[in-house]
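Chains as they are written, first to last, in the working numbering: chain D, 1 to 468; chain P, 1001 to 1102. Note that the Cβ used here is the ideal one computed from N, Cα and C, for glycine as well. Before any comments, here is the structure.
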């Protein structure tokens, strides 16, 4: 196949990738995006495979089949496990980039030092360092999200942590510079693995101090790294399709990370080096505050007499598997002509947009899923705000308490509704480990119990004969 | 000389593609950020192109093994990325099915 045809095919694939992302701007056209993406990928694979320098086909077939064998089950994980799957896939992306970079280095080294130009060496080092640190970093993130036993959930910190991490990365880059200046020296093939090992180690150490609450941001940042590793591979292989596709991925990860940071009022550096979730156990002692609790019957009655009910879901809802019961409650209220809306905080789930997917799976129309900025102006008109498994995202301390670790974080104004019902399993603090003032407000009534049971009981009350 | 020309043309492609990426991604519905992430996973697995060459060309076996592992990793991302994106997108409905009403 001639060079021109290959380049034309890659150009078409690039355009299709851009359309794939463009069509994601509304759920109505989003599935076209998937088809465009699949078409682009198929074109790219077929054209590349048909190149004359590809002479061995056995391993390619085996690797592709193995990819299907592992990939298909990975696409069927429960939606609560999507963050882990995403992190795992960043790990695979990083691994692929790191390995191809390594292969290319040793290939060019064996073919003759004139191949190892400064430009190629810089690109290879960037590719390998980014690829391997993304690999182990994403594995760690996936492990934390999956709650694997031997990976600590809480941030792990030690003295001089940031300094020693940066020193490690600095050493890797220094070795890279050395290698770039003497790519064909006798010792060069020995230094290359050192860079790999340092990058692998750096990936682990980068994630260890980061707590569970920051995982959405971390996943987005790793997404960006995986994309940039692909870009670097494009520079190594002189392949513009890789550069464009990697750049699209890189910018996507970057934008999502910025959105997540804004939603938590944090900066990048604070997420990466701040060890959030470590020191919030300081309880605001002093006066003993009392929860007011409400019965299911009373709760159902108030709900039934409302005009506007806003449900504020948090990850606790998904942990309790309560989505489908929430849907039944939504149905019961809708049947009575009550307006029901969902208030979705950007960090309500464990990755960007996670809560929307969980609710869509429960068959709740996306037109009733509103993001924070859309719903907050309506909150004072809400008769009831029903908080299901959410905690920090409705904590008014974010607005008022300068000493709170979440101070400044934008929240859903659940406390402005006329009545607040908060379903809570226990009196423990939330994911980020912070006490919540909302629960002690005059308007708030607690419904203690497992979210699934409590919502189920509410549904039973509403559908029971006495309530019509 | 050609090498530096290559570098600069690649740099242009990278910078322009990043701007297109930012422009397009900013308009993606916030509802769909999770599917967005899984589809970009699949798209960045375009590294498959490099892996195929390394695996299939007439290179020493050790190098081709690295390529084959990379090819497997990329292919896993392509398959699982596109399938799970489609699976999630199918769940987003603007209205209830008639059967669900009353």
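For the stretch 338-373 of chain D, the full-length beta strand (DSSP E) segments reaching 3 residues or more read 339-344 and 369-371 along the chain. Counting only residues of its own chain and dropping the five nearest sequence neighbours on each side, residue 1077 of chain P has a CB closer than 7 Å to the CB of 1041, 1042 and 1045.
Identification of chain P residues near residue 352 of chain D by a Cβ-Cβ cut-off of 7 Å yields 1033, 1034 and 1037, ordered along the chain. Counting C-beta pairs closer than 8 Å gives three or more between the stretch 413-420 of chain D and the stretch 434-452 of chain D, which meets the contact rule. Sixteen is the threshold: since fewer than 16 other Cβ atoms of the shown chains lie within 10 Å of the Cβ of residue 167 of chain D, the residue is exposed. Among the CB atoms of chain P, none fall inside 9 Å of the CB of residue 140 of chain D. Interface flag for residue 262 of chain D against chain P is unset, since no Cβ pair is found closer than 9 Å.
Beta-bridge partners assigned by DSSP to residue 446 of chain D: D:293 and D:422. The shortest C-alpha to C-alpha distance from residue 1092 of chain P to any of D:365, D:147 and D:446 is the one to D:365. Against chain P, the CB of residue 119 of chain D has a partner CB under 9 Å away; the residue lies at that interface. As summarised for the stretch 290-335 of chain D, the continuous beta strand (DSSP E) elements at least 3 residues long and confined to that stretch are 308-313, given in chain order. Residue burial annotation: residue 1058 of chain P is exposed, with fewer than 16 other C-beta atoms found within 10 angstroms of its C-beta.
In the structure shown, residue 123 of chain D falls within a helical segment according to DSSP collapsed to helix, strand and coil. Distances from the CA of residue 317 of chain D to each of D:342, D:76, D:294 and D:10 were compared; the closest alpha carbon is that of D:342.
Residue-level contact by beta carbon fails for residue 293 of chain D and chain P, as no gap is shorter than 9 Å. At a Cβ-Cβ threshold of 9 Å, residue 1080 of chain P and residue 74 of chain D count as neighbours. Using a Cβ-Cβ cut-off of 9 Å, residue 231 of chain D counts as an interface residue toward chain P, since at least one Cβ of chain P sits closer than that to its own. Per the coordinates, the alpha-carbon of residue 319 of chain D lies some 26 Å from the alpha-carbon of residue 374 of chain D. When C-beta distances to chain P are compared with 9 Å, every residue of the stretch 144-173 of chain D stays at or above that value. Here the C-alpha atom of residue 456 of chain D lies approximately 46 Å from the C-alpha atom of residue 246 of chain D.
Linking residue 361 of chain D to residue 72 of chain D through their CA atoms gives a straight-line distance of about 19 Å. In the structure shown, residue 386 of chain D adopts extended strand secondary structure according to DSSP, grouped into three states. When the five nearest sequence neighbours on each side are left out, the beta carbons in the same chain lying within less than 7 Å of the beta carbon of residue 347 of chain D are those of 216, 260, 263, 264 and 393, in order along the chain.
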